[in-house]
Amino acid sequence: MNPLVLWFHKLGSPPYFYRLAGRLLPWLWGLAAIGIAAGLYGGLVLAPPDYQQSDAFRIIYIHVPSAWMSLFIYFFMAVNGFIALVWRIKLSEILAMAAAPVGAAFTFICLATGSLWGKPMWGTWWTWDARLTSELVLLFLYLGVIGLYHAIEDRRQAARAAAFLALIGIVNLPIVHFSVKWWNTLHQGSTVKLFGPSLIDSRMLWPLLIMAVATKFAFAASLLSRARVDLLELESGKDWARQIALAEETSA
Amino acid sequence: MNSPAPLEAPALLQARGLAYLRNDEPIFGPLDFALYPGEVVLIEGDNGSGKTTLLKVLSGLLAPSAGSVLLNGEPLTLARLSHQVALLGHLLGIKAELSPLQNLRFAIGLGGLRPGITPHHALKSVGLDGYEDVPLRQLSAGQKKRVALARLLLVPAALWLLDEPYANLDREGMALVNRLLEVHALRGGAALITSHGAYAYTSGTPRRLQLHAPAEKAA
Amino acid sequence: MNSPAPLEAPALLQARGLAYLRNDEPIFGPLDFALYPGEVVLIEGDNGSGKTTLLKVLSGLLAPSAGSVLLNGEPLTLARLSHQVALLGHLLGIKAELSPLQNLRFAIGLGGLRPGITPHHALKSVGLDGYEDVPLRQLSAGQKKRVALARLLLVPAALWLLDEPYANLDREGMALVNRLLEVHALRGGAALITSHGAYAYTSGTPRRLQLHAPAEKAA
Amino acid sequence: MSHGTALGACRALIVRDLALLWRRRGDALNPALFAVMVIMLFPFALGPEPQMLGRIAAGTVLVALLLAGLLSLDALFRSDLEDGSLEQLVLSPHPLPLLLACKIAVHWLTTALPLLLAAPLLGELLFLPPQVLGTLMAALALSTPLLSLIGAVCVALTVGMRRSGMLLALLVLPLYVPVLIFAAGACDAAQQGLPVAAPLLWLGAALVLALVLAPLACAAALRISLS
Amino acid sequence: MSHGTALGACRALIVRDLALLWRRRGDALNPALFAVMVIMLFPFALGPEPQMLGRIAAGTVLVALLLAGLLSLDALFRSDLEDGSLEQLVLSPHPLPLLLACKIAVHWLTTALPLLLAAPLLGELLFLPPQVLGTLMAALALSTPLLSLIGAVCVALTVGMRRSGMLLALLVLPLYVPVLIFAAGACDAAQQGLPVAAPLLWLGAALVLALVLAPLACAAALRISLS
Amino acid sequence: MSEFFAMGGYGAYVWGSLAVFFVVLGIDAAAPLVKRRRVLRELRGRLKRAQKRNEESA
Ligand code: HEM
Ligand SMILES: Nc1ncnc2c1ncn2[C@@H]1O[C@H](COP(=O)(O)OP(=O)(O)OP(=O)(O)O)[C@@H](O)[C@H]1O
Ligand SMILES: Nc1ncnc2c1ncn2[C@@H]1O[C@H](COP(=O)(O)OP(=O)(O)OP(=O)(O)O)[C@@H](O)[C@H]1O
Ligand SMILES: [Mg+2]
Ligand SMILES: [Mg+2]
């Protein structure tokens, strides 16, 4: 067999995944911590104040990476949900369901920091414009997925039902992203572009990009540590899980 | 399990290495058996040994965790359910607000009609003539069960899966179930029934399929 | 009806001309009987003869249309229910989300505790040790019934009204019910049970109370 | 032995659901009455000035109808699940999406249609400006079936649970929001004398899409939650 | 043989209901979420202008909380009825009104209290004028237990029926209207800078009366609908 | 230094955002650890039950 396929197959085996995730975790947390420290130092100390917003613009280094993560994680969850529904791969079910709370956390951060930013800039904590609203709907979608998952007794059936809901909710993602283009709103349009020049000073830009990468690592770390525990719970009848429980007891 | 049935006929139902796990714990172990036309098999097992679960898997409502179910040689999947199966579960699948006649008419619309029988006939043969138009809500536990039995008579399913068909019935009702099973077998149908002993299918020599409680398996 | 019980003791339960009409149609006719401490009486009758209805009337949940029920010589009314009665109906009165232990603790809080027994003991005697902390939702039909039986053991009620206590139980479970009834009778309690024959209370000579199906009465 | 035709099965299902409804015909009017009462609460809560109420009339009627529809949604499969009819439906030899489409259609006819007919009255209660009524009715005619279809998918997902009412609301409302935005947009345009075609066309397009996809999604969701 | 004390029975009941709630702790937040979503629908339906929304904020929060409370009401006895626990409760040797009062108290604590805590946030979403918030909270603190008590009596009357959700709403809402009028009156007075004591005192008096009478009525209604 | 913390008069908003970020992510990181302890405790309980049952039947 192709070695890549072989590795993928091995990854699907719970004990292997558990051990691999355990070894990766410290690295991921470390990278996330270093990245966040560097990004925030760059953003809060090194970057010059904005000519319009003065220092309030520094909220961008938290708000924007969190907003991006809220969309990215939903996409990740939906893709894993699709795999879980079609091929019934246990690991995908677990990853999709472990991603949901992390996504909800980032969505909440985006909403809260956006709100904190809106008060000085727009003079109000909240308005009902399309982007803010669709982001709030995104939070409700995350909560719906989590709620559905916990409302069903059988873990695997619950994961499939929640994954199905996540797939339906994916129509909201383009609405969040393109809302500033489709409707004229209070909220800022795109300033960072993947293609073509960005409309932002490079001294302001690089900390933002570092934060974007660092939050990805934070997500990966949180995801893996959740997935590990969920796997342990789901497989608690199996031998490998028992051995881990006994080993932890002797070490504790 | 040794099968006394003629091996030349194709099996109506065949289970190969069939197992079901719930939350990754085995409910019933790998089972291999075949059911031929004209046979009635009694599933025995203590409380919690997985009888109800087995019937749901065989009807296609639950997907097996391992192994496969073949119906007339074709595999049964969740997406492609077989339509030769009539299931009578703990829940009878009848509407308490409607009359027996309305319930049976609906069952026919959904599942088709076996030639040579009408809803009135079916109700008569389960001893409910006179109750055709009474809302089911006003019937007792055993009378409701009889309506569900009448449905079996009407629908052209070759395989019957009956979960505790004798429960809640009086003695005459139990004899009725046995009569229905006999006729169904003679007609070339087959049935899988669960029961806690006593009033099992008695005419002929019913084959038995024994399930074991999970606790025993673990020990 | 002739009563073999000693007449000097006061009757635990006494029915005088007891009848129940639903929509002015008789469900069960005027009944006169008495139940003395140490007795177990089996109510027999075909499907729809009114057994379930009779038990509900005797527990006080339904008000009789005619006649009266006396408990320890005092009349039973809807407003003043007796508290010496434990009813086990078709619905078991247990919570599917909670564990057997939590369910039993609640039952004790509500109905009191018989001295000399604990919930753990009761669960053990109905064969459910090891299931103390599993949500009931995950138990099979028969296992749930056993939890309901454990409740009877704990609550200090002198009169048991059991509707089809044998249904859904395996053979060992049926023997368990008989054992429970025996102990209860020896302790001076009394019980009224319905059943469709086979696994009725067998030790001693159970008295029987025959109900007739309304169709027969009408004819 | 004949299994009957798919059309026959649909007819049997529709006949049965209508018979059930007839048996409890009091309930059929309930969603409309509920909407009337929600509407009625607003004058109490906000005070009776006609200008004020007229300003919020269209939006409030939309919200009230949406909530009433949401509440009646729970009944779509519940009783079928409780008595085992749903298992029989899934086991039937005919295509499940088709059967479910019939069920949804009956549900819409019997819960949303009375609401639709009651809408002019509800508008009147809140002093709805007359030039908005036509647009409001068009928006409702397009959005209520859309809501029924979207709702049915979510109901199918939660059908196995007890006490799912609240969870259902949580799942359904985010999906209802876009529908509400377009419907309210049309009414708002009408109130300001602007053209209303664009948001109504969007609603129509979404309805066509939902008519095709929702029964399929509903069947898939039902299979998941029954297993 | 001891039957235990009435206090013990109450404790057992409260412990059980809290344990049930803990088993489905996700559900406990649902009424609050539902209210948030109803509130959220209004800016969509009415447009986002802060003055407009601020004007209707207090009334809308009241209506949303009332509806959320109404929806959670149905769960008060339903599951107890479905599994036969209610029969056991009625047959218990302790005074039924006392037991029911405990059930209602737990219900209020777990559904209305989170709503009460969420109310400032909800007000903020609709730009509620700050001087009204205190009065709104006081009105809510008095009216939500009142609504729970009144609602419980109606629920007890409809408990034997299937699909009673809508019927319940019809029975309950007319009784809720007076409560709503007083609560809204207090908020309106606050918005206009007038004294708010009188309507709040009326609410308080009604609450005291309901605390005494509602459990008794509830027990009587339950006995009727079980037979 | 105090100028840095004042953030041009927007200190409360900037540091508030930062606090939200770290508190929420902190909870997010701690949750699986707490759950892990619970899962292991339950698993050990189950193992003990099974052991006891085996000893009894033996
Ligand atoms: C509660 C209020 C807010 C919410 C929910 C919110 C939400 C979002 C979301 C979801 C994005 C990511 C969009 C995407 O990449 O597709 C975003 C990006 C952004 N937000 Fe906000 N926002 C809020 C308030 C604000 C405020 C007050 C400002 C500044 C005055 C602001 C400035 C930005 C900027 C500059 C971006 C990056 C745009 C880009 O480069 O693509 N946001 N916001
Ligand atoms: N929803 C569920 N979730 C988890 N476990 C379950 C569920 N339903 C049943 N079980 C478990 O599966 C096992 C088999 O249950 P099943 O209902 O198939 O038994 P059964 O043989 O029909 O028993 P009975 O004779 O009591 O009806 C039991 O041990 C039960 O505890
Ligand atoms: N809610 C009701 N409304 C009207 N009639 C009813 C109702 N419940 C039961 N009946 C009728 O009352 C009669 C007695 O019913 P009951 O349930 O007491 O019978 P049963 O002896 O318990 O029967 P089974 O052995 O089948 O359980 C039956 O003929 C039934 O049709
Ligand atoms: Mg069973
Ligand atoms: Mg009965």
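Residue numbers (UniProt numbering), protein chains in the order written: chain H, 1 to 252; chain C, 1 to 219; chain A, 1 to 219; chain S, 1 to 227; chain R, 1 to 227; chain X, 1 to 58.
We put the beta carbon where it would ideally sit given N, CA and C, even for glycine.
{"Asked": "Within chain B, the residues that S:Thr135 reaches when beta carbons sit closer than 7 Å", "Found": "No chain B appears in the structure shown, which is made up of the protein chains H, C, A, S, R and X."}
{"Asked": "Residue span of the alpha helix (DSSP H) that contains S:Leu89, given as start and end", "Found": "Ser85 to Val90"}
{"Asked": "C-alpha distance - A:Pro10 paired with A:Arg187, whole-angstrom precision", "Found": "16 Å"}
{"Asked": "Burial state of A:Leu12 (16 or more Cβ within 10 Å)", "Found": "buried"}
{"Asked": "Coarse secondary structure for C:Ala34, derived from DSSP in three states", "Found": "strand"}
{"Asked": "Inter-residue Cα distance where the pair is S:Gly151 and H:Tyr142", "Found": "18 Å"}
{"Asked": "Cβ shell of A:Ala107 (< 7 Å), same chain only, five flanking positions each side left out", "Found": "Arg151, Leu154 and Val155"}
{"Asked": "With 16 other Cβ atoms within 10 Å as the buried cut-off, status of C:Glu25", "Found": "exposed"}
{"Asked": "Residue-chain proximity (A:Phe28, chain R), Cβ-Cβ < 9 Å", "Found": "no"}
{"Asked": "Local conformation of A:Glu132 per DSSP, three classes", "Found": "coil"}
{"Asked": "Local Cβ density within 10 Å of R:Pro174, reported as buried at 16 or more and exposed below that", "Found": "exposed"}
{"Asked": "Span separating the alpha-carbon of C:Pro6 from that of H:Trp87", "Found": "No answer about C:Pro6 holds up, because its pLDDT of 48 lies below 50 and its placement is not dependable."}
{"Asked": "Any non-hydrogen atom of ligand 2 within 8 Å of R:Lys103 CB", "Found": "no"}
{"Asked": "Test: A:Arg22 CB closer than 9 Å to a CB of chain R", "Found": "no"}
{"Asked": "Exposure label - C:Arg179; buried when at least 16 CB within 10 Å", "Found": "exposed"}
{"Asked": "Distance cut-off 8 Å: S:Gly84 Cβ against heavy atoms of ligand 4", "Found": "no"}
{"Asked": "Rounded C-alpha distance that separates H:Gln157 from S:Ser225", "Found": "7 Å"}
{"Asked": "Beta carbon proximity, H:Glu153 to chain X, threshold 9 Å", "Found": "no"}
{"Asked": "For C:Leu159, three-class secondary structure by DSSP", "Found": "strand"}
{"Asked": "Contact set between R:Phe44 and chain H, taken where Cβ atoms lie within less than 9 Å", "Found": "Trp128 and Thr133"}
{"Asked": "Candidates H:Ala100, H:Trp29 and H:Phe57, of which the one nearest H:Asp230 by Cα", "Found": "H:Ala100"}
{"Asked": "Among A:Pro165, A:Ala175, A:Thr118 and A:Glu182, the one whose alpha carbon lies nearest that of A:His196", "Found": "A:Pro165"}
{"Asked": "Local conformation of C:Tyr20 per DSSP, three classes", "Found": "strand"}
{"Asked": "Span of the alpha helix (DSSP H) around C:Ile117", "Found": "Unbroken run through C:Ile117: none, as it is neither H nor E."}
{"Asked": "Any C-beta of chain S under 9 Å from that of R:Met1", "Found": "Confidence is the limiting factor: at R:Met1 the pLDDT is only 42, short of 50, which leaves the residue's position unreliable, though a coordinate-based value still follows. Cβ-Cβ to chain S under 9 Å: no for R:Met1."}
{"Asked": "Burial state of C:Tyr131, where buried means 16 or more other Cβ atoms lie within 10 Å", "Found": "buried"}
{"Asked": "Cβ of H:Leu194 within 9 Å of any chain X Cβ", "Found": "Note that H:Leu194 has pLDDT 47, beneath the 50 cutoff, so the model's placement of it is unreliable and the number below is only indicative. Cβ-Cβ to chain X under 9 Å: no for H:Leu194."}
{"Asked": "For A:Ala191, three-class secondary structure by DSSP", "Found": "strand"}
{"Asked": "Nonlocal neighbours in the same chain, by C-beta distance under 8 Å from H:Ser225, ignoring five residues either side", "Found": "Ala21 and Leu25"}
{"Asked": "Residues proximal to ligand 5 by C-beta, any heavy atom closer than 5 Å", "Found": "C:Ala141 and A:Thr52"}
{"Asked": "Distance cut-off 8 Å: H:Arg88 Cβ against heavy atoms of ligand 1", "Found": "no"}
{"Asked": "Neighbour list for A:Thr52 in chain C, Cβ cutoff strictly below 8 Å", "Found": "Ser140 and Ala141"}
{"Asked": "Residue(s) in a DSSP beta bridge with A:Val85", "Found": "A:Leu159"}
{"Asked": "Cut-off 7 Å between Cβ atoms - residues of its own chain near H:Ala221, not counting five sequence neighbours on either side", "Found": "Leu25, Leu28, Trp29 and Ala32"}
{"Asked": "Proximity to C:Leu54 [Cα-Cα], best of C:Leu92, C:Gly17, C:Lys145 and C:Asp170", "Found": "C:Gly17"}
{"Asked": "Cβ-based burial, S:Pro195 [other Cβ within 10 Å; buried from 16]", "Found": "exposed"}
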